[in-house]
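A.B. asks: One structure, as C-alpha cells, below. Some questions next.
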Amino acid sequence: MAVAAGGVCPDAQQVLDVHNYYRSLHQVPPLRWDANLAKSAQAWADVIGPRCSHEHSPDTKIGENIALFESQPSPDFKCALAVGAWYGEIQYYNFNTSQPADVNVPLGLGHFTQVVWRSTSIVGCGLATGNRIQYQGGFRFNIGCLSVVCRYMDAGNVVSNAQYLYNGESPAWGR
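For this note's numbering, add 576 to where a residue sits in the sequence shown, where the first one is 1.
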C-alpha cells in the first residue's frame with residue numbers, strides 16, 4: 577500500500593511495512609497510512625526534535641509512540657528503525673497471564689503494545705532533528721539527535737485486562 581505525504585519520514589513506506597510485518601506475527605489487521613496523522617506527528621516532532629526530547633504530547637485522544645536517537649556525529653537513522661525498537665519491548669511482555677494490563681502496564685511496554693494493538697487501524701509518522709551540548713571530562717561535545725513520532729488511531733493501550741486480552745494477542749509463533 578502506497579503512503580501519502582504528511583510527515584517527513586523518508587522511509588514512510590518502510591515504516592508502514594515494518595508495522596504490518598510485526599502486526600502479522602500477532603494475527604491482527606494491517607495498518608493504513610494516514611496523511612493527517614503523519615502531519616500531526618510531524619508537528620509534534622517539530623516541537624520536541626530541536627530540544628532532543630521524547631516527551632509525549634498532551635493529546636490523549638490518539639495513540640503515540642516516540643523514539644529519541646542520539647549520537648555524535650548526528651544520527652543518520654530513518655523512521656523505520658524506531659518501529660523495531662518499539663517492538664523489541666516484546667521480550668519483557670508477559671503473555672501468560674489472565675490479567676495482562678495489571679502485569680504489563682507497570683513495566684512500561686506501551687510502545688510494543690501500540691504497534692500490535694488490534695483496534696488500531698491507521699498510523700502516520702514524522703521526524704525532526706536537533707542538537708544538544710554535553711560536557712564530559714572537560715570536553716564539550718555536540719550531540720545530534722533524531723526524534724521519531726508515530727501517531728495511531730484508534731489509540732491503543734486502553735488500560736483494562738479485557739482490552740489487553742483482546743488487543744494484545746500473543747504472537748502466532750509463541751503459541
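Every residue, glycine too, gets a C-beta built ideally from N, C-alpha and C. Note that the coordinates shown come from a computational prediction; the quantities given were computed from them, not determined experimentally.
Would you check if there are 3 or more beta carbon pairs closer than 8 Å linking the region 737-748 to the region 670-680?
C.D. replies: The region 737-748 vs the region 670-680: in contact.
A.B. asks: At what residue ranges does the region 667-695 contain a whole run of the alpha helix (DSSP H), taking only runs of 4 or more?
C.D. replies: Complete alpha helix (DSSP H) runs here, min 4: 676-680 and 686-692.
A.B. asks: Taking the alpha carbon of Asn670 as the point to measure from, which residue in Tyr597, Ala658 and Gly686 has its own alpha carbon closest?
C.D. replies: Looking at the Cα atoms, Gly686 is the closest of the given residues.
A.B. asks: On the DSSP letters alone, give me the boundaries of the alpha helix (DSSP H) that Ser600 sits inside.
C.D. replies: Ala588 to Leu601 is the span of the alpha helix (DSSP H), which, as asked, contains Ser600.
A.B. asks: For Gly720, tell me which candidate among Asn707, Gly713, Thr696 and Ala619 has the shortest Cα-Cα distance.
C.D. replies: Looking at the Cα atoms, Asn707 is the closest of the given residues.
A.B. asks: Thinking C-beta only, is Tyr663 closer than 8 Å to Leu683?
C.D. replies: No, these two residues do not count as a Cβ contact at 8 Å.
A.B. asks: Which residue from Arg627, His632, Arg727 and Asn737 puts its Cα closest to that of Ala704?
C.D. replies: Considering only alpha carbons, the answer is Arg627.
A.B. asks: The alpha helix (DSSP H) that contains Gly616, what's its start and end?
C.D. replies: According to the sequence provided, residue 616 is Ser. The question's Gly does not apply to it. Ser616 -> alpha helix (DSSP H) spans Ala611 to Ile624.
A.B. asks: How about Gly702 and Trp609: are their beta carbons less than 8 Å apart?
C.D. replies: No. Outside cutoff.
A.B. asks: Given Gln648, which residues of its chain have a CB within under 6 Å of its CB, disregarding the five upstream and five downstream residues?
C.D. replies: Around Gln648: Phe717 and Ile719.
A.B. asks: In the DSSP assignment, the alpha helix (DSSP H) including Leu741 goes from what residue to what residue?
C.D. replies: It spans Asn737 to Asn743 - the alpha helix (DSSP H) in which Leu741 sits, taken as one unbroken run.
A.B. asks: Might you give, ordered along the chain, the residues of its own chain that have their beta carbon closer than 6 Å to the beta carbon of Val734, omitting 5 neighbours on each side?
C.D. replies: Excluding sequence neighbours, Val734 sits near nothing in its chain.
A.B. asks: On the DSSP letters alone, give me the boundaries of the alpha helix (DSSP H) that Val659 sits inside.
C.D. replies: Element bounds for Val659: Ala656 to Tyr663.
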